[in-house]
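Offset between the sequence shown (1-based) and our numbering: plus 123.
Quick reminder that beta carbons are idealized off the backbone N, C-alpha and C, glycines included.
As the structure is a prediction and not an experimental result, all values here were calculated from the model.
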Amino acid sequence: RAGGPPPLVTLLRSGSDKVKEHAAGAMRNLSMNPELEADLLREGALAPLISLLSSPEIKIQLQAAVALRNLSVTPDSKIKIVEEGAIPVLVTLLRSPDLRLQEQAAVIFRNLSVNSENKVLVVQGDAVPGLLALLRTPQDPTAAEGDPEYEAQIAAYKQSLKVQEQAAGAMRNLSMHAENKGKLVSLGVIPPTLLLLQSGETAIQEQGAGILRNMSVSAPHGAIIISDGAVPYLVSLLRVPDLKVQEQAAATLRNLSATPENRPALVQA
124 RAGGPPPLVT LLRSGSDKVK EHAAGAMRNL SMNPELEADL LREGALAPLI SLLSSPEIKI
184 QLQAAVALRN LSVTPDSKIK IVEEGAIPVL VTLLRSPDLR LQEQAAVIFR NLSVNSENKV
244 LVVQGDAVPG LLALLRTPQD PTAAEGDPEY EAQIAAYKQS LKVQEQAAGA MRNLSMHAEN
304 KGKLVSLGVI PPTLLLLQSG ETAIQEQGAG ILRNMSVSAP HGAIIISDGA VPYLVSLLRV
364 PDLKVQEQAA ATLRNLSATP ENRPALVQA
(Lines of atoms letter the chains of each structure in order from A and count residues from 1; the text may use other names and numbers.)
(Lines give C-alpha, C1' and ligand atoms only; values in the text may rest on other atoms or scores of the structure.)
Protein backbone atom coordinates (compact mmCIF):
# COMPACT_ATOMS: atom_id res chain seq x y z
CA ARG A 1 0.00 0.00 0.00
CA ALA A 2 1.06 3.62 -0.46
CA GLY A 3 0.71 4.72 3.19
CA GLY A 4 3.41 6.51 5.12
CA PRO A 5 4.57 4.22 7.97
CA PRO A 6 6.15 1.25 6.12
CA PRO A 7 8.72 3.22 4.07
CA LEU A 8 9.39 5.50 7.04
CA VAL A 9 10.13 2.48 9.21
CA THR A 10 12.54 1.22 6.56
CA LEU A 11 14.36 4.55 6.53
CA LEU A 12 14.70 4.48 10.32
CA ARG A 13 16.90 1.43 9.80
CA SER A 14 18.77 2.09 6.59
CA GLY A 15 18.80 5.79 5.74
CA SER A 16 21.64 8.26 6.11
CA ASP A 17 21.83 10.15 9.40
CA LYS A 18 19.95 13.08 7.90
CA VAL A 19 17.30 10.77 6.46
CA LYS A 20 17.00 8.93 9.79
CA GLU A 21 16.54 12.24 11.57
CA HIS A 22 13.71 13.27 9.26
CA ALA A 23 12.10 9.83 9.34
CA ALA A 24 12.24 9.80 13.14
CA GLY A 25 10.81 13.33 13.17
CA ALA A 26 7.93 12.15 11.00
CA MET A 27 7.34 9.23 13.38
CA ARG A 28 7.43 11.71 16.25
CA ASN A 29 4.61 13.65 14.63
CA LEU A 30 2.59 10.56 13.73
CA SER A 31 2.94 9.21 17.26
CA MET A 32 1.07 12.21 18.61
CA ASN A 33 -2.18 10.69 17.31
CA PRO A 34 -3.28 7.80 19.57
CA GLU A 35 -5.50 6.35 16.87
CA LEU A 36 -2.40 5.68 14.76
CA GLU A 37 -0.70 3.61 17.48
CA ALA A 38 -1.92 0.26 16.17
CA ASP A 39 -0.64 1.04 12.66
CA LEU A 40 2.78 2.09 13.94
CA LEU A 41 3.10 -1.01 16.11
CA ARG A 42 1.96 -3.30 13.31
CA GLU A 43 4.52 -1.83 10.91
CA GLY A 44 7.32 -2.49 13.42
CA ALA A 45 8.20 1.10 14.35
CA LEU A 46 9.27 0.37 17.92
CA ALA A 47 12.44 -1.64 17.30
CA PRO A 48 14.15 0.88 14.97
CA LEU A 49 13.10 3.81 17.18
CA ILE A 50 14.63 2.09 20.20
CA SER A 51 17.77 1.38 18.17
CA LEU A 52 18.05 5.07 17.27
CA LEU A 53 18.26 5.96 20.95
CA SER A 54 21.85 4.72 20.71
CA SER A 55 22.69 6.90 17.70
CA PRO A 56 25.80 9.08 18.09
CA GLU A 57 23.73 11.98 16.75
CA ILE A 58 21.79 13.79 19.49
CA LYS A 59 19.25 15.15 17.00
CA ILE A 60 18.35 11.60 15.97
CA GLN A 61 18.24 10.39 19.57
CA LEU A 62 15.91 13.22 20.49
CA GLN A 63 13.44 12.61 17.67
CA ALA A 64 13.30 8.88 18.46
CA ALA A 65 12.97 9.51 22.18
CA VAL A 66 10.04 11.89 21.77
CA ALA A 67 8.30 9.43 19.45
CA LEU A 68 8.67 6.72 22.09
CA ARG A 69 7.54 9.15 24.75
CA ASN A 70 4.35 9.80 22.79
CA LEU A 71 3.73 6.10 22.23
CA SER A 72 4.47 5.17 25.84
CA VAL A 73 1.27 6.79 27.09
CA THR A 74 -0.92 4.05 25.60
CA PRO A 75 -1.47 0.70 27.37
CA ASP A 76 -0.34 -1.58 24.53
CA SER A 77 2.80 0.40 23.81
CA LYS A 78 3.77 0.47 27.49
CA ILE A 79 4.05 -3.30 27.32
CA LYS A 80 5.58 -3.62 23.85
CA ILE A 81 8.27 -0.96 24.40
CA VAL A 82 9.56 -2.99 27.34
CA GLU A 83 9.24 -6.26 25.43
CA GLU A 84 11.34 -4.75 22.62
CA GLY A 85 14.20 -4.24 25.08
CA ALA A 86 14.06 -0.48 25.61
CA ILE A 87 14.92 -0.42 29.32
CA PRO A 88 18.74 -0.77 29.05
CA VAL A 89 18.94 1.87 26.33
CA LEU A 90 16.77 4.26 28.35
CA VAL A 91 18.96 3.67 31.41
CA THR A 92 21.92 4.83 29.35
CA LEU A 93 20.01 7.93 28.23
CA LEU A 94 19.40 8.90 31.86
CA ARG A 95 23.15 9.52 32.03
CA SER A 96 23.32 11.49 28.79
CA PRO A 97 25.08 14.86 29.09
CA ASP A 98 22.14 16.35 27.19
CA LEU A 99 19.40 17.51 29.56
CA ARG A 100 16.72 17.11 26.90
CA LEU A 101 17.54 13.43 26.50
CA GLN A 102 17.59 12.97 30.26
CA GLU A 103 14.10 14.45 30.40
CA GLN A 104 12.74 12.27 27.60
CA ALA A 105 14.16 9.10 29.17
CA ALA A 106 12.70 10.03 32.56
CA VAL A 107 9.28 10.74 31.04
CA ILE A 108 9.29 7.42 29.19
CA PHE A 109 10.13 5.59 32.42
CA ARG A 110 7.38 7.55 34.15
CA ASN A 111 4.88 6.52 31.48
CA LEU A 112 6.03 2.90 31.34
CA SER A 113 5.86 2.52 35.12
CA VAL A 114 2.14 3.22 35.18
CA ASN A 115 1.86 -0.44 34.21
CA SER A 116 2.12 -2.70 37.28
CA GLU A 117 4.40 -5.33 35.71
CA ASN A 118 6.63 -2.65 34.26
CA LYS A 119 7.12 -1.17 37.73
CA VAL A 120 8.97 -4.33 38.71
CA LEU A 121 10.80 -4.72 35.39
CA VAL A 122 12.11 -1.14 35.46
CA VAL A 123 13.59 -1.64 38.92
CA GLN A 124 15.04 -4.99 37.89
CA GLY A 125 16.48 -3.26 34.83
CA ASP A 126 18.69 -1.06 37.04
CA ALA A 127 16.95 2.21 36.19
CA VAL A 128 16.70 3.41 39.78
CA PRO A 129 20.30 4.63 40.29
CA GLY A 130 20.05 6.78 37.18
CA LEU A 131 16.67 8.17 38.20
CA LEU A 132 17.89 8.93 41.72
CA ALA A 133 20.86 10.82 40.29
CA LEU A 134 18.41 13.07 38.43
CA LEU A 135 16.65 14.02 41.68
CA ARG A 136 19.60 16.25 42.57
CA THR A 137 18.84 19.91 43.12
CA PRO A 138 19.58 21.93 39.96
CA GLN A 139 22.49 24.33 40.15
CA ASP A 140 21.44 27.95 40.46
CA PRO A 141 22.73 30.29 37.75
CA THR A 142 25.99 31.92 38.77
CA ALA A 143 26.13 34.56 36.03
CA ALA A 144 24.59 37.97 36.65
CA GLU A 145 21.74 39.16 34.49
CA GLY A 146 23.22 40.75 31.40
CA ASP A 147 26.31 38.52 31.38
CA PRO A 148 26.86 36.49 28.18
CA GLU A 149 26.37 33.22 30.06
CA TYR A 150 23.21 34.27 31.90
CA GLU A 151 20.56 33.21 29.37
CA ALA A 152 22.19 29.83 28.79
CA GLN A 153 22.42 29.19 32.52
CA ILE A 154 18.77 30.15 33.06
CA ALA A 155 17.71 27.82 30.24
CA ALA A 156 19.78 24.96 31.70
CA TYR A 157 18.31 25.61 35.16
CA LYS A 158 14.74 25.45 33.85
CA GLN A 159 15.50 22.30 31.87
CA SER A 160 17.06 20.72 34.96
CA LEU A 161 13.85 21.37 36.89
CA LYS A 162 11.91 19.52 34.19
CA VAL A 163 14.32 16.60 34.45
CA GLN A 164 14.01 16.54 38.23
CA GLU A 165 10.21 16.58 38.14
CA GLN A 166 9.95 13.78 35.58
CA ALA A 167 12.49 11.59 37.37
CA ALA A 168 10.57 12.16 40.60
CA GLY A 169 7.34 11.20 38.86
CA ALA A 170 8.92 7.96 37.68
CA MET A 171 10.17 7.19 41.18
CA ARG A 172 6.73 7.92 42.59
CA ASN A 173 5.20 5.33 40.24
CA LEU A 174 7.89 2.76 41.02
CA SER A 175 7.42 3.24 44.77
CA MET A 176 3.79 2.18 44.51
CA HIS A 177 4.63 -1.50 44.00
CA ALA A 178 5.08 -3.54 47.19
CA GLU A 179 7.85 -5.62 45.62
CA ASN A 180 9.92 -2.50 44.93
CA LYS A 181 9.79 -0.73 48.28
CA GLY A 182 12.58 -2.60 50.04
CA LYS A 183 14.81 -2.38 46.97
CA LEU A 184 14.26 1.37 46.71
CA VAL A 185 15.20 1.89 50.34
CA SER A 186 18.36 -0.17 49.92
CA LEU A 187 19.24 1.90 46.85
CA GLY A 188 18.95 5.09 48.90
CA VAL A 189 15.65 6.60 47.78
CA ILE A 190 14.89 8.53 50.97
CA PRO A 191 17.72 11.15 51.13
CA PRO A 192 17.27 12.52 47.59
CA THR A 193 13.51 12.49 48.08
CA LEU A 194 13.94 14.82 51.06
CA LEU A 195 15.62 17.27 48.69
CA LEU A 196 12.45 17.24 46.59
CA LEU A 197 10.41 18.32 49.62
CA GLN A 198 12.65 21.39 49.92
CA SER A 199 12.19 22.45 46.29
CA GLY A 200 10.65 25.81 45.51
CA GLU A 201 8.52 24.13 42.84
CA THR A 202 5.18 22.76 44.05
CA ALA A 203 5.05 20.13 41.29
CA ILE A 204 8.37 18.72 42.53
CA GLN A 205 7.27 18.93 46.18
CA GLU A 206 4.15 16.94 45.28
CA GLN A 207 6.15 14.18 43.62
CA GLY A 208 8.54 13.96 46.56
CA ALA A 209 5.73 13.78 49.10
CA GLY A 210 4.00 11.21 46.89
CA ILE A 211 7.08 8.98 47.01
CA LEU A 212 7.14 9.15 50.80
CA ARG A 213 3.39 8.53 50.94
CA ASN A 214 3.85 5.31 48.98
CA MET A 215 6.83 4.21 51.04
CA SER A 216 5.23 5.04 54.38
CA VAL A 217 2.48 2.43 54.11
CA SER A 218 5.08 -0.05 55.37
CA ALA A 219 5.89 0.38 59.07
CA PRO A 220 9.60 -0.50 58.74
CA HIS A 221 10.01 1.96 55.87
CA GLY A 222 8.05 4.57 57.80
CA ALA A 223 10.57 4.28 60.62
CA ILE A 224 13.39 4.93 58.16
CA ILE A 225 11.57 7.97 56.77
CA ILE A 226 11.36 9.40 60.28
CA SER A 227 14.95 8.56 61.22
CA ASP A 228 16.18 10.19 58.03
CA GLY A 229 14.57 13.46 59.14
CA ALA A 230 11.55 13.77 56.88
CA VAL A 231 8.97 14.87 59.45
CA PRO A 232 9.89 18.59 59.71
CA TYR A 233 9.79 18.91 55.93
CA LEU A 234 6.42 17.16 55.75
CA VAL A 235 5.02 19.46 58.41
CA SER A 236 6.28 22.47 56.45
CA LEU A 237 4.47 21.21 53.34
CA LEU A 238 1.18 21.30 55.22
CA ARG A 239 1.48 25.09 55.02
CA VAL A 240 2.19 25.20 51.29
CA PRO A 241 -0.73 26.90 49.48
CA ASP A 242 -1.19 23.99 47.11
CA LEU A 243 -3.88 21.40 47.82
CA LYS A 244 -2.08 18.57 46.04
CA VAL A 245 1.07 19.11 48.08
CA GLN A 246 -0.94 19.38 51.28
CA GLU A 247 -2.76 16.13 50.48
CA GLN A 248 0.42 14.13 49.87
CA ALA A 249 2.09 15.48 52.99
CA ALA A 250 -0.97 14.89 55.18
CA ALA A 251 -1.43 11.36 53.80
CA THR A 252 2.21 10.56 54.55
CA LEU A 253 1.86 11.81 58.12
CA ARG A 254 -1.31 9.77 58.48
CA ASN A 255 0.51 6.64 57.35
CA LEU A 256 3.39 7.34 59.72
CA SER A 257 1.07 7.97 62.65
CA ALA A 258 -0.56 4.55 62.21
CA THR A 259 2.48 3.07 63.98
CA PRO A 260 2.39 3.88 67.72
CA GLU A 261 6.17 4.12 67.97
CA ASN A 262 6.18 6.93 65.42
CA ARG A 263 3.66 9.19 67.16
CA PRO A 264 5.99 10.98 69.61
CA ALA A 265 8.29 12.05 66.76
CA LEU A 266 5.32 13.48 64.88
CA VAL A 267 4.03 15.46 67.83
CA GLN A 268 7.46 16.84 68.66
CA ALA A 269 8.16 18.01 65.11
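>> With a threshold of 7 Å on Cβ separation, who are the neighbours of residue 292 within its own chain once the five nearest residues in sequence on each side are excluded?
In response: The answer, listed in chain order, is 233 and 330.
>> Quick check: the Cα distance between residue 280 and residue 325, rounded to an integer number of angstroms?
In response: 16 Å
>> Given this structure, state the Cα-to-Cα distance separating residue 162 from residue 302, to the nearest angstrom.
In response: 35 Å
>> To the nearest angstrom, how far is the alpha carbon of residue 288 from that of residue 136?
In response: 33 Å
> Quick one: complete beta strand (DSSP E) runs, 3+ long, within the segment 245 to 284?
Replying inline: none
> If you pair each beta-carbon of the segment 213 to 228 with each one of the segment 178 to 188, do three or more pairs fall below 8 Å?
Replying inline: yes
>> Rounding to the nearest angstrom, what Cα-Cα distance links residue 336 and residue 344 in this structure?
In response: 11 Å
>> Just to confirm the assignment, what range does the alpha helix (DSSP H) spanning residue 353 have?
In response: Premise fails: residue 353 is in no alpha helix (DSSP H) and is neither H nor E.
> Contact between the segment 163 to 176 and the segment 133 to 150: three or more CB pairs below 8 Å?
Replying inline: The segment 163 to 176 is in contact with the segment 133 to 150.
> Considering only the beta carbon of each residue, do residue 297 and residue 307 sit closer than 8 Å?
Replying inline: yes
> Can you give the Cα-Cα distance for residue 266 and residue 254, rounded to whole angstroms?
Replying inline: Answer to the nearest angstrom: the Cα atoms are 28 Å apart.
> Considering only residues of the same chain and omitting the five flanking positions on each side of residue 198, which have a CB-CB separation below 8 Å?
Replying inline: Cβ within range, chain order: 238.
> What is the DSSP secondary structure of residue 125, counted as helix, strand or coil?
Replying inline: Note on residue 125: pLDDT 47, under 50, position unreliable in the model; no value is reported.
> Within this structure, are the beta carbons of residue 372 and residue 361 separated by less than 8 Å?
Replying inline: yes
> Touching or not, the segment 185 to 196 and the segment 147 to 158, by the rule of three or more beta carbon pairs under 8 Å?
Replying inline: yes
> For the putative contact between residue 258 and residue 319, defined by C-beta atoms under 8 Å, what is the C-beta separation to the nearest angstrom?
Replying inline: 6 Å
> DSSP three-state call for residue 300: helix, strand or coil?
Replying inline: coil
> Helix or strand or just coil, what does DSSP make of residue 373?
Replying inline: helix
> If you draw a straight line from the C-alpha of residue 322 to the C-alpha of residue 246, how long is it?
Replying inline: Those two C-alpha atoms are separated by around 25 Å.
>> Using a 10 Å radius around the Cβ and a threshold of 16 neighbouring Cβ atoms, would you call residue 141 buried or exposed?
In response: Under this definition residue 141 is an exposed residue.
> Does the distance from the CB of residue 248 to the CB of residue 214 come in under 8 Å?
Replying inline: yes
>> So, at 7 Å on beta carbons, what are the nonlocal neighbours of residue 389 in its own chain, with the 5 sequence-adjacent residues on each side left out?
In response: 354, 376, 379 and 380
> With C-beta atoms as the reference, is residue 365 less than 8 Å away from residue 317?
Replying inline: no
>> Using 8 Å as the threshold, is the C-beta distance between residue 349 and residue 313 below it?
In response: no
>> Measuring only the C-alpha atoms, how far is residue 243 from residue 300?
In response: 7 Å
> By Cβ distance, which residues of its chain are closer than 8 Å to residue 204, with the 5 residues on each side in sequence left out?
Replying inline: 169, 173, 191, 194, 195, 231 and 235
>> Quick check on the burial criterion: 16 or more other C-beta atoms within 10 angstroms. Buried or exposed for residue 160?
In response: buried
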